[in-house]
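Asks: In the working numbering, the protein residues as written are 757 to 1159. Every residue, glycine too, gets a C-beta built ideally from N, C-alpha and C. The structure follows.
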């Protein structure tokens, strides 16, 4: 699983001591499984049953964990077993989706339930000050509307529609969000909100969210593909988020699929974004119809089974599948979750993707991977941003309760 322990320790300058590791293990097990008996917790954490019982009493006393009767199953008779679960309202997380055309904010409780959600449309790429100010105002509104005490907010996770450096402090915004070049969003948001801030690429946020809340629950090897105005991918391999040397792994939109194709904003020719993004498809239809076609029209054209649109989406699916074949060969995922606006095409898009993967990978890879539609839709990015904060909750809660 994506771990934030080392980062949170650096931020708080209060590393987890050995005596607190057992509490962290119990809280993390409950984060992953929602409710567990003491015996199940002992098995999940490797702690002795007596140690689990002692820790449980401490966490219940700190109002971090509660105990209740398990739901009755079948015709089971007798007293139902007691199970432990997190107290949802003991802590909260904020998530931001800072996209090209909007800023969206959510506030979730400790188990990830969204309690507040609002979007502010705006042009973001060239005006970071306005976008950051809007994000701060949304956060103030969320906290004020719900009356959440600031000391219960674990932090802010912010997803950006551009690559994020591995140090998770600055963006690779050149050619994508040009106004953000040189901006340090962690410092800017922390200064505006007074809260700890973590940043993440939107596709990486998407894969975290789908694994924790959506279509890839329980899947340790998954690729999330975002087909939007930009194309990106996030990958989890053996339960860990794949970042790469510089933090920019997964930029599938800049895999070259047409060597002599159109010039891409990254400076190369024939990148996947130039043939398979919604703007690319809209441009293609504009040329063929000899009238402007916007990306906003594409969903209706797809629903109407417009023949030219279907052909354009099928061709895009083939190009996406050829690019994905490299990822499938290298990473051997169990599942590919497809999100973004173009995912609405469903099988019109997915079937050519499957054929291209079949043609361009070994049979053992192609046979084992499933392509599925995102369950979270356009909420994947913002919920994944909040999940970045929630992943560090066990350590943060133990440190705060110890203080």
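Under 8 Å by Cβ, that's how I've got residue 844 and residue 870 pegged, so tell me the actual separation to the nearest angstrom.
Replies: As a first step, residue 844 is located in the chain shown; it is residue number 88 there, counting from the start. As a first step, residue 870 is located in the chain shown; it is residue number 114 there, counting from the start. Actually they do not touch by this definition, with Cβ atoms about 12 Å apart.
Asks: Of all the beta strand (DSSP E) runs that stay within the bounds of the segment 1073–1124, which reach a length of 3 or more residues?
Replies: 1091–1095
Asks: So residue 841 packs on residue 822, CB below 8 Å; how close in whole Å?
Replies: As a working note, residue 841 is residue 85 in the chain shown. As a working note, residue 822 is residue 66 in the chain shown. With a Cβ gap of about 6 Å, residue 841 and residue 822 count as contacting.
Asks: Taking the beta carbon of residue 1002 as the centre, do at least 16 other beta carbons fall within 10 Å, making it buried, or is it exposed?
Replies: The residue given as residue 1002 occupies position 246 in the chain shown. Per the 10 Å Cβ criterion, exposed.
Asks: Would you list the residues sitting across from residue 864 in a DSSP beta bridge?
Replies: Translated into positions along the chain shown, residue 864 becomes position 108. The partner list for residue 864 (beta bridge, DSSP) reads 849 and 870.
Asks: Closer than 7 Å by C-beta to residue 1141: which residues in its own chain qualify, once you throw out the five before and the five after it? Chain order, please.
Replies: Here residue 1141 refers to the residue found at position 385 of the chain shown. Correct list, in chain order: 851, 852, 853, 913, 914, 915, 956 and 961.
Asks: Which stretch, first to last residue, makes up the alpha helix (DSSP H) that contains residue 1029?
Replies: Stepping through the chain shown from its first residue, residue 1029 is reached at position 273. From DSSP, the alpha helix (DSSP H) with residue 1029 extends over 1029–1032.
Asks: Taking C-beta to C-beta, are residue 909 and residue 969 nearer than 7 Å?
Replies: Working through the chain shown from its first residue, we reach residue 909 at position 153. Working through the chain shown from its first residue, we reach residue 969 at position 213. For residue 909 and residue 969, no; Cβs fall outside 7 Å.
Asks: I believe residue 936 touches residue 884 by the beta-carbon criterion, under 8 Å. Please report the beta-carbon distance rounded to the nearest angstrom.
Replies: The count along the chain shown starts at 1 and reaches residue 936 at position 180. The count along the chain shown starts at 1 and reaches residue 884 at position 128. Confirmed, Cβ separation roughly 5 Å.
Asks: Can you confirm whether the segment 1082–1101 touches the segment 970–979 when touching is taken to mean that 3 or more C-beta pairs between the two stretches lie within less than 8 Å?
Replies: yes
Asks: Measure from the alpha carbon of residue 950 to the alpha carbon of each residue in 1068, 793, 911 and 1103, then state which is nearest.
Replies: Residue numbering aside, residue 950 sits at position 194 when the chain shown is read from its first letter. Closest option to residue 950, Cα to Cα, is 911.
Asks: Using C-beta distances below 6 Å, list every residue in its chain close to residue 963, excluding the 5 sequence neighbours before and after it, in chain order.
Replies: Start at 1 with the first residue of the chain shown, and residue 963 comes out as number 207. Cβ neighbours of residue 963 beyond the five flanking positions: 980, 990 and 992.
Asks: Let me confirm a value: residue 919 is counted as buried when at least 16 other C-beta atoms fall within 10 Å, else exposed. Which label applies?
Replies: Taking the chain shown and counting its residues from 1, the one referred to as residue 919 is at position 163. Residue 919 is buried by the Cβ-count criterion.
Asks: Closer than 7 Å by C-beta to residue 807: which residues in its own chain qualify, once you throw out the five before and the five after it? Chain order, please.
Replies: Along the chain shown, read from residue 1 onward, the residue named residue 807 stands at position 51. Around residue 807, the same chain offers 778 as residues with beta carbons nearer than 7 Å, after the five sequence neighbours per side are excluded.
Asks: Considering just the uninterrupted stretch of the beta strand (DSSP E) at residue 957, what are its terminal residues?
Replies: Translated into the one-based positions of the chain shown, residue 957 becomes position 201. Segment 953–957, the beta strand (DSSP E) holding residue 957.
Asks: DSSP on residue 1050, reduced to helix/strand/coil?
Replies: Locating residue 1050 in the chain shown gives position 294, counting from the first residue. Note: residue 1050 maps to coil in three-state DSSP.
Asks: My guess is that residue 1026 and residue 1007 are in contact by the Cβ rule of under 8 Å, so how many angstroms apart are they, rounded?
Replies: Taking the first residue of the chain shown as position 1, residue 1026 is located at position 270. Taking the first residue of the chain shown as position 1, residue 1007 is located at position 251. In fact, because the Cβ distance is near 15 Å, the residues do not count as touching under 8 Å.
Asks: Is the beta carbon of residue 1160 sitting closer than 7 Å to the one on residue 926?
Replies: There is simply no residue 1160 to check, as the chain begins at 757 and stops at 1159 in what is shown.
Asks: Reducing DSSP to helix, strand and coil, say where residue 981 ends up.
Replies: In the chain shown, the residue the question calls residue 981 occupies position 225. Residue state, collapsed to three classes: strand.
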